[in-house]
Amino acid sequence: MLKKTIKPSAKGFKTAIIRFIVYGVIIYLAAEFLKWNVNHEMGQSKFTEDSVVETVQSIMLLACSLIYLRVSFKYKSMFPLAFGLFAFTFASLIREQDALLDEHIYDGAWQTAAFSLLILAAFLIYKKKDIFLSNMNDFVSKFSFGILLSGIFTTYIFARLYGRKVFWMAVMEAQYTRDVKNVSEESLELFGYALILIASVEFYYFAKAHSVIAVRDTEANRNQENVYLKVGS
């Protein structure tokens, strides 16, 4: 008797191709934006805290924060992890506004706001630590987690080290120009923020799938309990 063979599905391959195209376009647009910015911003305003690049970075962080905040309230089973990620990205957004907050509120205002939010997130995570750990166990094996780590390493570690003045002074020696250092560092940061934005989109779909599975498991357990009750009666 011939056994039926299961035909391999191309769904995973198609998803990979779509991701490659869509996310590749995002990275391409980020590079083209940097090129446009260099050609259109004038003199001393290039890649400074008042530049368009800084504004775009803030918009990316705001988009990430809104995605994580939406997930935290829409999918309750993911609340601790999603709110923690929201706190991280929104605290980063506050940090990007440090000059504005220091000027219009008080010196060090961004530290107060950012650390207050992070402390609140830590408190909420601690209260729901079992759910948080369960979320993390599922999250670490997902595509979103890898992209998120890549974005964090790029923006918060490598870009900071790469943008050190002592490094660029050694590279350019007597021809050292601060603008070159700023362009390199801010470009890397923008790339890192683009990765973090991609990770937040992937996290949304991960949370959506996780919620569907959680609901399905709950219904299965409820049906099983009903069967036991009927058998027992």
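Just so we're aligned: 151 in the working numbering is position 151 of the sequence shown, and the numbers increase by one with no gaps anywhere. For glycine and all other residues, C-beta sits at the position ideal for the given N, C-alpha and C. Computed from a predicted structure; not experimentally measured.
If you draw a straight line from the alpha carbon of residue i to that of residue j, how long is it in whole angstroms?
i    : j    : result
F167 : R160 : 11 Å
S65  : I59  : 10 Å
F73  : G163 : 38 Å
I125 : K142 : 20 Å
D130 : G108 : 35 Å
Y106 : G12  : 52 Å
Q111 : A10  : 49 Å
I196 : K35  : 21 Å
M169 : T177 : 8 Å
N137 : I17  : 27 Å
F139 : A87  : 17 Å
I152 : I119 : 20 Å
F158 : K14  : 33 Å
G84  : S92  : 12 Å
E32  : V53  : 12 Å
H104 : T55  : 18 Å
Y205 : K128 : 22 Å
R19  : A209 : 17 Å
Q175 : N39  : 22 Å
Taking residue i and residue j to be in contact with their CB atoms under 8 Å, please state how far apart those CB atoms are, rounded to whole angstroms.
i    : j    : result
F132 : L101 : No, F132 and L101 are not in contact; Cβ-Cβ is about 30 Å, not under 8 Å.
S200 : Y68  : 6 Å
I198 : I26  : 7 Å
S211 : Y75  : 4 Å
S150 : F203 : Not quite, the Cβ-Cβ distance comes to about 14 Å (not below 8 Å), so this is no contact.
How about residue i and residue j: are their beta carbons less than 8 Å apart?
i    : j    : result
M172 : V183 : no
A30  : F191 : yes
Y193 : Q97  : no
A237 : I94  : Nothing in the structure corresponds to residue 237, since the chain is present only between 1 and 233.
N37  : M78  : no
L117 : T89  : no
A236 : V71  : One cannot answer for residue 236 here, as it falls past the ends of the chain, which runs 1 to 233.
T155 : E189 : yes
Exercise. Where are the beta strand (DSSP E) runs, 3 residues long or more, that stay fully inside the stretch 137 to 169, in chain order?
Worked result: Within the stretch 137 to 169, no beta strand (DSSP E) run of at least 3 residues lies entirely inside it.
### Message
Which runs of the alpha helix (DSSP H) at least 4 residues long sit entirely within the stretch 3 to 42? Give them in chain order.
### Response
11 to 40, all fully within the stretch 3 to 42.
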